[in-house]
Amino acid sequence: MIELTKNLYRTVKSLDERKTRRKEGAFKAEGTKCVLDTLGHFNLRHLFATHEWITNHGADIKSVVDCDALVKVTRNDISRMTSLSTPSDVIAVYEIPERKIELPSLADKLILALDTIQDPGNLGTIIRVADWFGIREIICSNETADCFAPKVIQSTMGSISRVKLYYGNLPEMINKIGAKSVYGTFLDGEDIRKATLQQKGIIVIGNEGKGISAEVEATVTERLLIPSYPEGQETGESLNAAIATAITLAKFRGI
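In case it helps, the working numbering puts the sequence shown at residues 2 to 256.
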């Protein structure tokens, strides 16, 4: 067990910032459920926990946390390092994994493509929804929010352990995958309830305010519509990106 130093404290606190996460190659997860769901899935650098938390969860962490990674702290220490409005009793700091994939290998799977999803809460919920519906890979534009931001990690409720995200030039990534079907939702699309939906392909989710960009739209082969109810009645301008993802994946999975 090691001691909390000023430098260590500053590093953990600064992991709220994307530039520090990139520099340190690390991210943090907070709260008992989030930490226990992610332990063992990422390389652990440090586990900061109160004496009470260690006492209550010693059996849970015994096989996955080395003594030289455990840092006993006070609630006050946690409150100074946390990104949560209500501090928990534990923070885990993990190494950001290096993820490389041969994009053509995704052609035989059903995956998501995120076109500039910018709200961390939306991204976290999309990852959680993807996990629920068996989507294990997501490709993202470089402008999409960082999946290792604290708010994203918190919103995934542990799903970040099972769903892998890859960032890059989205139109190029889609083209390199070479999927037979690339789906996107548009107001002039075919009613998703009547469309023939394959279990292989790419589902594009557009930006919260602007929808799918022209560059990404050019790669879409199947235009879908999520109809409002009842048809023709005035409704909100659009659906939240995470809600649209949930509805779309439910239809693809036959629900």
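For every residue, glycine included, the Cβ atom is placed at its ideal position computed from N, Cα and C.
The Cβ neighbour count for arginine 129, taken over all protein chains shown within 10 Å, is at least 16; the residue is labelled buried. Secondary structure of phenylalanine 253 (DSSP, three-state): helix. Excluding its 5 nearest sequence neighbours in each direction, valine 36 has C-beta neighbours in its own chain below 7 Å: Ala30, Val91 and Ala93, listed in chain order. In terms of CA proximity to aspartate 147, Arg22 leads the group Arg22, Gly210 and Glu232. The beta carbon of valine 13 lies closer than 8 Å to those of Lys29, His47, Phe49, Met82, Ile92 and Val94 in the same chain, with the five residues before and after it left out.
Short of 6 Å from the beta carbon of glycine 125, and not among the five residues preceding or following it, lie these beta carbons of its own chain, in chain order: Val153, Ser156 and Thr157. The segment 173 to 193 and the segment 106 to 124 touch, with no fewer than 3 CB-CB distances between them shorter than 8 Å. Taken through DSSP and simplified to helix, strand or coil, serine 162 comes out as helix. Counting only runs of at least 4 residues, the segment 148 to 204 fully encloses the following alpha helix (DSSP H) elements, listed from N- to C-terminal order: 151 to 157 and 171 to 178.
Looking from the CA of threonine 75, the closest CA among Thr6, Lys165, Ser214 and Ala243 belongs to Thr6. Rounded to the nearest whole angstrom, the C-alpha separation of leucine 226 and threonine 33 is 40 Å. Alanine 131 and phenylalanine 253 have their alpha carbons spaced roughly 12 Å apart.
Alanine 242 carries a helical assignment under DSSP once its states are collapsed to helix, strand and coil. Contact check for aspartate 120 and serine 142: beta-carbon distance about 14 Å, past the 8 Å limit, so the pair fails to qualify. The alpha-carbon of leucine 45 is positioned some 15 Å away from that of leucine 9. Linking glycine 210 to serine 86 through their CA atoms gives a straight-line distance of about 27 Å. The Cβ atoms of serine 84 and proline 172 lie no closer than 8 Å to each other. Rounded to the nearest angstrom, the gap between the Cα atoms of proline 98 and phenylalanine 43 is 7 Å. When DSSP states are grouped into helix, strand and coil, glutamate 103 belongs to the coil group. Arginine 23 carries a helical assignment under DSSP once its states are collapsed to helix, strand and coil. In the DSSP assignment, valine 65 falls outside any alpha helix (DSSP H) and carries neither an H nor an E. In the DSSP annotation of this structure, valine 221 is not part of any beta strand (DSSP E), being labelled neither H nor E. Under the three-state reduction of DSSP, serine 214 is assigned to coil, being neither helix nor strand.
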